[in-house]
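**Student:** In this note's numbering, the protein residues as written are 6 to 183.
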Ligand code: HEM
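#1: Report yes if the CB atom of residue 21 is closer than 8 angstroms to the CB atom of residue 66, and no otherwise.
#2: Could you spell out where the alpha helix (DSSP H) holding residue 49 opens and where it closes?
#3: Does residue 132 come out as helix, strand or coil in the three-state DSSP assignment?
#4: May I ask whether a heavy atom of the ligand HEM can be found less than 7 angstroms away from the beta carbon of residue 47?
#5: Starting from the Cα of residue 15, find the closest Cα among 120, 75, 145, 60 and give me that residue.
#6: Under a three-way DSSP split, which group does residue 15 fall into?
#7: Within 10 angstroms of the Cβ of residue 41, are there 16 or more other Cβ atoms? Answer buried if so, exposed if not.
#8: Taking the beta carbon of residue 89 as the centre, do at least 16 other beta carbons fall within 10 Å, making it buried, or is it exposed?
#9: Within its chain, find whatever has a CB closer than 8 angstroms to the CB of residue 61; leave out the 5 residues flanking it on each side and keep chain order.
#10: To test your reading of the DSSP string, which unbroken alpha helix (DSSP H) runs of 4 or more residues are found completely within the stretch 90 to 144?
#11: Can you name, in chain order, every residue of its own chain whose Cβ lies under 7 angstroms from the Cβ of residue 171, other than the five neighbours on each side?
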């Protein structure tokens, strides 16, 4: 029996997609904000905790999204009419999963390396480490962030190119509908 590919993504995939967009956006802005605060400032703990929590939720969502992506029927890959660009498109999609994953894992590694959990969530009263940049995981976290931003810009740029230049209404595939 031949299977006909759906015209749009499954509503669960659509929800995961836009949820990841919101989570990564807020985590990024918050990450930049907390890294601008000195570690001896008492007011740093609360936004740091929110950042860590959002990052943790992002990890769960990205894993759930990848698993459901493998299992749910999805539309055929979009085409630009150029085989090379189409291959880049597929590569960027996988890279987005990998970089969001690495972003969350490097953040968690940093939290473990620098003993953040009891300070931020256990109310231990201990001081934050003098400088997060003393930890390799912090340096990685700081390198992965702009790489992820670049990928997101490529991805969003391609979606807009499809929508407005190729006029193939690609965005409708990543929204709800019949
Ligand atoms: C998608 C998830 C995440 C994003 C987009 C994100 C983004 C960022 C960004 C942009 C920075 C500042 C980097 C810089 O300016 O060099 C940052 C710093 C940081 N992030 Fe994340 N992050 C994520 C997940 C996490 C997680 C899961 C944790 C810990 C559980 C975490 C802990 C931290 C810490 C401790 C800093 C350092 C703040 C400082 O230097 O004062 N992040 N993050």
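Even glycine gets a Cβ: it sits at the ideal position worked out from N, Cα and C.
**Tutor:** The relevant details are as follows:
#1: yes
#2: Taken as a continuous stretch (DSSP letters only), residue 49 belongs to no alpha helix (DSSP H), as it is neither H nor E.
#3: coil
#4: no
#5: 75
#6: coil
#7: exposed
#8: exposed
#9: 109, 113
#10: 121 to 125
#11: 85
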